[in-house]
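Enquirer:
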Amino acid sequence: MNQDLVRNISKLGRRYFKDYLAKKTPRPSSLRKHWWKSYNFLAGVIFYQGRSNSLSTIIKDLAKNSIQDYFDTKSSSGITNASDDDITEARFAFQNSEINGKTYKRLTDVEMLFGVMDKKGIITKKGVIHILRDIPKGNIIDYSIRSIIQGNVSSLYDKFHSVKSIAHKITSMYLRDLVDLFYDEVGKSAEIRTRVGQSYLQPIDVWVRRVSGKAGIIVTGSKPLSQAQTIVDACRQVSRSRRFALRYNQGAWWLGEHSLDLALEYLAE
């Protein structure tokens, strides 16, 4: 493992924060005050998987329109008043929504948001909206922060992981960025200082794998969480900083995402 390279990749995590996270969330504290703002932060993660960003944005906006039509987005905790019928109606509105005759979305998008429904119309697996309705104030950001502070990051991870189409990558991406935004509060949590706790904050994608390989980190394990633990172990050999592994993950993604631009800049010099 090239420890100097790993350190430099971790430093690029600040670029990720500046270029993406800070722009996406200029006032993080506002997310804790209203369920709708916290939902939109979450939606900016969960819909972006396995397709282009432009298509993901279209589907996210279709979902947003359906939610606004059936739930109270004005009240800070309006989602907690949603009935099962409200959720079912919003589900079908989203499922049938179109733009210029195109639906764009997949069934898994509907199930992720509104749960898995059997042929009898019974929900057999809850979706994101059910989770929001059932937590205090419907605010997923505030709920997540409190869960982490209380040492329940593993159960929080499992809650997201139980939703259709939300696997390790999406769950850990949400948790990683949440922890980064609110590190002054959650950074003291003993659980996220541990090897396992830090692994929950390590989304594994093609860029992270490739960049890690170039840095001499051999990503092992067949499951994403095991692969995440491999990266965390390597990072802990390089630095004991509590935020190092998190920043490394952000930096590895940023470097991979911008590799073509960086190569062209180098050739232009």
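Counting from 1, position 233 in the sequence shown corresponds to residue 418 in our numbering; the numbering is continuous, with no gaps. By construction, the Cβ of each residue, glycine as well, lies at the ideal position given by its N, Cα and C atoms.
Using only alpha-carbon positions, find the residue among Val396, Ser350, Gly312, Asp269 that is nearest to Thr293.
Expert: Here residue 293 refers to the residue found at position 108 when the sequence shown is read from its first residue. Residue Ser350 is the option with its Cα nearest to Thr293.
Enquirer: Reducing DSSP to helix, strand and coil, say where Met302 ends up.
Expert: Here residue 302 corresponds to residue number 117 of the sequence shown, with the count starting at 1. Met302 falls in the strand class under three-state DSSP.
Enquirer: Rounded to whole angstroms, what is the Cα-Cα separation between Val393 and Leu360?
Expert: As a working mapping, residue 393 is identified with position 208 in the sequence shown. As a working mapping, residue 360 is identified with position 175 in the sequence shown. C-alpha separation (whole angstroms): 16 Å.
Enquirer: For a test of the three-state rule: what should DSSP assign to Ile252, helix, strand or coil?
Expert: Counted from its first residue, the sequence shown places residue 252 at position 67. If DSSP states are grouped into helix, strand and coil, Ile252 belongs with the helices.
Enquirer: Considering only residues of the same chain and omitting the five flanking positions on each side of Ala437, which have a CB-CB separation below 7 Å?
Expert: Against the sequence shown, residue 437 aligns to sequence position 252. The residues are Ile194, Trp392, Val393, Val396, Ser397.
Enquirer: When the Cα of Asp362 is compared with those of Ile334, Asn187, Phe202, which residue comes out closest?
Expert: Looking up residue 362 in the sequence shown gives position 177. The shortest Cα separation from Asp362 among Ile334, Asn187, Phe202 belongs to Phe202.
Enquirer: Throw me the rounded Cβ distance for the Arg428 and Tyr368 pair, which I believe falls under 8 Å.
Expert: Taking the sequence shown and counting its residues from 1, one reaches residue 428 at position 243. Taking the sequence shown and counting its residues from 1, one reaches residue 368 at position 183. Confirmed, about 7 Å.
Enquirer: For Leu206, which residues of its own chain have a beta-carbon under 6 Å away from its beta-carbon, when the five flanking residues on both sides are left out?
Expert: As a working mapping, residue 206 is identified with position 21 in the sequence shown. So the qualifying residues of the chain are Asp362.
Enquirer: Over what stretch of residues does the beta strand (DSSP E) that includes Thr309 continue unbroken?
Expert: Your numbering for residue 309 matches position 124 in the sequence shown. Thr309 -> beta strand (DSSP E) spans 308 to 310.
Enquirer: Going by beta carbon distance, what residues of the same chain come within less than 8 Å of Ala228, once the five residues before and after it are set aside?
Expert: Locating residue 228 in the sequence shown gives position 43, where the first residue counts as 1. So the list reads Lys245, Ala248, Lys249, once near-sequence residues are dropped.
Enquirer: Evaluate contact between the segment 322 to 329 and the segment 254 to 267, counting only Cβ atoms and requiring at least three cross-stretch pairs below 8 Å.
Expert: Yes, the segment 322 to 329 is in contact with the segment 254 to 267.
Enquirer: Entirely within the segment 267 to 304 and at least 3 residues each: give me those beta strand (DSSP E) ranges in chain order.
Expert: The qualifying runs do not exist here; there are none.
Enquirer: In three-state DSSP terms, what is Phe367?
Expert: For the purposes of this step, residue 367 is identified with residue 182 of the sequence shown, where counting begins at 1. Note: Phe367 maps to coil in three-state DSSP.
Enquirer: Beta carbon of Ile243, beta carbon of Val313: below 9 Å?
Expert: Residue 243 sits at position 58 when you count from the first residue of the sequence shown. Residue 313 sits at position 128 when you count from the first residue of the sequence shown. No, the pair does not count as a contact, with Cβ atoms beyond the cut-off.
Enquirer: If you compare alpha carbons, which of Ile320, Ile307, Asn225 is closest to Thr265?
Expert: Along the sequence shown, one-based indexing puts residue 265 at 80. The candidate whose alpha carbon is nearest that of Thr265 is Ile320.
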